[in-house]
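Data block below; observations after.
Residue numbers (my numbering): 362 to 657.
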């Protein structure tokens, strides 16, 4: 039985705990509720949720403040002695079976599109995730352990200047040179070079709010940072600004939705913007309302 680690940060436990119940319902996985810097009340909530369910467990990370995501993944992997190491963000839920029957790659990423992505953004994000993702990943544990032992690499973020020479040579050989690498990216590149490329799939029965699992919103840019970005790449800056606004609007909408559900009220008006996004949000709202009703 595969253990699926669901990682919570402060502020995500109450609205998203029912999401974990959907993952339990639609798979035969063991669901581990991981509290990363959550409050005592939030930890008690997760512990109570896991207590009455044989395939659920609760695990608090050490310390009172959230650890870096890569550090949490390193810790969880050290605990894993199963054939598959699996983790998912807390803002992902299921509406049907979603686990693949088998893994044919060292890394399989499940890629449900985020609620705020337009059709064009979904296509761009699929290309961008060529190095894997960290919101729903399934690793062949034997391959993962072998690469981590050989290189001493973890799921951490890395700066190019801080990488050991052997890593830089390997990354250059694979065509990956950049100033910094996000969570898990260096590990995924080395894993692909040693064990084969990652596989990607959208099972169709997963939903992803996107960005809502962070304990804080994206930091606001000052006008100086915005001007520098605009001068360097105005098309990318405008796209980034529109995407950030769409994320903030959909996150605000879902926050209002969860408040309404907690108080027994009606869903709020849909967020403004792209018609495709509004249709996705409307469909997700219907599914979330049904899920809350089923969970009681």
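Where a beta carbon is used, it is the ideal one built from N, C-alpha and C, also for glycine.
For residue 380, the enclosing alpha helix (DSSP H) begins and ends at 374-386.
Within the same chain, 446 come within 6 Å of residue 438 by CB-CB distance, once the 5 residues on both sides are set aside.
The alpha-carbon of residue 404 is positioned some 36 Å away from that of residue 465. Given a length threshold of 4 residues, each whole run of the alpha helix (DSSP H) inside the stretch 470-553 is given here in chain order: 480-489, 502-512 and 526-534.
The straight-line gap separating the alpha-carbon atoms of residue 540 and residue 522 is approximately 8 Å. For residue 436, there is no enclosing beta strand (DSSP E); the enclosing alpha helix (DSSP H) covers residues 430-440. The stretch 411-424 makes no contact with the stretch 471-488; the number of CB pairs closer than 8 Å stays below 3. As DSSP reads the structure, residue 406 sits in no beta bridge. CA-to-CA, the gap between residue 459 and residue 433 works out to about 24 Å. Taking a C-beta distance under 8 Å as the contact criterion, residue 568 and residue 645 qualify as a contact pair.
Counting other Cβ atoms within 10 Å of its Cβ, residue 652 reaches 16 or more and is therefore classed as buried. In summary, residue 498 is buried, with 16 or more beta-carbon neighbours lying within 10 Å of its beta-carbon over all protein chains present.
Per DSSP, the unbroken beta strand (DSSP E) holding residue 417 starts and ends at 417-421. In the same chain as residue 516, and ignoring 5 residues on each side of it, the C-beta atoms closer than 7 Å to its own belong to 431, 434, 435, 544, 545 and 548, in chain order.
Between the alpha carbons of residue 510 and residue 365 lies a distance of about 23 Å. Excluding sequence positions up to five before and after residue 507, its CB lies within less than 8 Å of the CB of 555 and 556, all in the same chain and listed in chain order. In the structure shown, residue 400 adopts coil according to DSSP, grouped into three states. Judged by beta-carbon spacing, residue 368 lies within the 8 Å limit of residue 451, meaning their Cβ atoms are closer than that value.
Secondary structure of residue 414 (DSSP, three-state): coil. Following the DSSP letters along the chain, one finds residue 560 inside the beta strand (DSSP E) bounded by residues 560-562. Pairing residue 469 with residue 553 gives a Cβ-Cβ distance that is not under 8 Å. Here the alpha carbons of residue 649 and residue 636 stand approximately 20 Å from one another. DSSP places residue 566 in the coil class of the three-state scheme, outside both helix and strand. The beta-carbon separation of residue 399 and residue 374, rounded to 6 Å, stays under the 8 Å limit for a contact.
In the same chain as residue 383, and ignoring 5 residues on each side of it, the C-beta atoms closer than 8 Å to its own belong to 454, 455, 456 and 652, in chain order.
Nearest Cα to residue 654 within the set 611, 642, 441 and 623: 623. With a cutoff of 8 Å on beta-carbon distance, residue 542 and residue 519 are scored as near each other.
With a cutoff of 8 Å on beta-carbon distance, residue 471 and residue 562 are scored as near each other. According to DSSP, residue 614 shares a beta bridge with no other residue. Rounded to the nearest whole angstrom, the CA to CA distance from residue 362 to residue 386 is 14 Å. In terms of Cβ geometry, residue 397 and residue 441 do not form a close pair [threshold 8 Å].
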